[in-house]
Amino acid sequence: MIGVCLCGACGRMGRVLVRRISEQGDMRLVAAVEAPSSPFLGKDAGEVAGVGRLGVEVRGAGELEEVLRKSGARVMVDFTVAEAAVANVEVAARVGVPVVVGTTGFSQEQMERLRRAVGEGRIPAVISPNMAVGVNLFFRILSELARRLGREYDVEVVEIHHRGKLDAPSGTALRAARIVAESRGAEVRVGRAEGKG
Numbered sequence: 461m462i463g464v465c466l467c468g469a470c471g472r473m474g475r476v477l478v479r480r481i482s483e484q485g486d487m488r489l490v491a492a493v494e495a496p497s498s499p500f501l502g503k504d505a506g507e508v509a510g511v512g513r514l515g516v517e518v519r520g521a522g523e524l525e526e527v528l529r530k531s532g533a534r535v536m537v538d539f540t541v542a543e544a545a546v547a548n549v550e551v552a553a554r555v556g557v558p559v560v561v562g563t564t565g566f567s568q569e570q571m572e573r574l575r576r577a578v579g580e581g582r583i584p585a586v587i588s589p590n591m592a593v594g595v596n597l598f599f600r601i602l603s604e605l606a607r608r609l610g611r612e613y614d615v616e617v618v619e620i621h622h623r624g625k626l627d628a629p630s631g632t633a634l635r636a637a638r639i640v641a642e643s644r645g646a647e648v649r650v651g652r653a654e655g656k657g
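According to this note's numbering, the sequence shown is numbered sequentially starting from 461.
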């Protein structure tokens, strides 16, 4: 049985993950973590997600190290915000717990902190702005396409989201832009970013 510690357990994606984990025969939610200011602290993560009582109390991020050490978590899954995710991965690396990060909107400096933490902690890590198989296949195709087309073509990434989207441009759009830039030896330039409510 894989014990999962879920950071961001009471957010939109976190609630979906609590439901999905509770349906798996080989996984079990053993810890749920939220921001220290969350109104869900002390509540049962299953009840917050609408699946009924799971016996997993939502704890604050300041308790993450203790939670990871005592819960039996074999993996930490993070769907929070960029700064919180970096801090959470640093804690998980220190404790030696592998990570899966779906949080987006990382700056270059934050990505470097993530790489350093994972490397120094020598932990397995999946850090992806989008977990969809189709999007990750798109990333692979995009790299080849950008390399073959070369610099004779201009490339622009345009995206549209609901007005509540927290990161604009999204991590998926930024990753696509970085793939094109790396394949062509160019820099990523963000021309316009609107959103955040």
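Virtual Cβ for every residue (Gly too), placed ideally from N, Cα, C.
Bounding residues of the alpha helix (DSSP H) (the contiguous stretch that carries residue i)
i, result
"threonine 644", "Checking the sequence, you will find arginine at residue 644 rather than threonine. First-last of the alpha helix (DSSP H) with arginine 644: 631-644."
"arginine 480", "472-483"
Selected residue, minimal CA-CA separation from residue i, among the options
i, options, result
"leucine 634", "His622, Arg623, Glu616, Arg644", "Glu616"
"glutamate 483", "Ala552, Glu580, Gly510", "Gly510"
"methionine 473", "Glu642, Asn548, Asn590", "Asn590"
"glycine 485", "Gly471, Val476, Gly463, Pro496", "Gly463"
"glutamate 569", "Gly556, Ala547, Gly624", "Ala547"
"glycine 532", "Ala592, Ser497, Ala492, Asp614", "Ala492"
"valine 518", "Glu494, Gly645, Arg534, Gly471", "Glu494"
"glycine 631", "Asn596, Met461, Cys467, Gly556", "Asn596"
"glycine 610", "Val593, Ala636, Val640", "Val640"
"valine 586", "Pro558, Arg600, Tyr613", "Pro558"
"arginine 644", "Glu619, Asp614, Gly515", "Asp614"
"alanine 636", "Ile620, Leu501, Ser497, Phe598", "Phe598"
"cysteine 467", "Leu514, Val535, Met487", "Val535"
"phenylalanine 489", "Pro499, Val476, Arg608", "Residue 489 is actually leucine in this sequence, not phenylalanine. Per the Cα distances, Val476."
"leucine 409", "Ala592, Gly556, Gly520, Gly581", "Residue numbering for the chain in the displayed model covers 461 to 657; residue 409 lies beyond these limits and cannot be assessed."
"arginine 515", "Gly522, Ala505, Glu523, Pro496", "Sequence inspection shows glycine at residue 515; the arginine mentioned does not correspond to that position. Considering only alpha carbons, the answer is Ala505."
Residue i - DSSP class collapsed to helix/strand/coil
i, result
"isoleucine 620", "coil"
"methionine 461", "coil"
"glutamate 647", "coil"
"glycine 515", "coil"
"leucine 609", "helix"
"leucine 466", "strand"
"aspartate 504", "strand"
"glycine 510", "coil"
"glycine 657", "Confidence at glycine 657 is low in this model, with a pLDDT of 46, below 50, so the placement of that residue is unreliable and no value is reported for it."
Residue i, enclosing beta strand (DSSP E) - first and last residue
i, result
"valine 490", "487-494"
Cβ of residue i within 9 Å of any chain D Cβ
i, result
"aspartate 627", "No chain D is present in this structure, which holds just one protein chain."
- [ ] Answer yes if the segment 533-546 comes into contact with the segment 564-577, meaning at least three C-beta pairs across the two stretches below 8 Å, and no otherwise.
- [x] Contact holds: three or more Cβ-Cβ distances are below 8 Å.
- [ ] Run through the segment 529-604 for me and flag every whole beta strand (DSSP E) of 3 or more residues, listed as ranges in chain order.
- [x] Correct list: 535-538, 559-561, 585-587.
Open item on the list: Quick check: the segment 545-557 against the segment 575-586, are at least 3 beta-carbon pairs closer than 8 Å?
Closed with: A contact is defined here as three or more CB-CB pairs under 8 Å, and the segment 575-586 meets this definition with respect to the segment 545-557.
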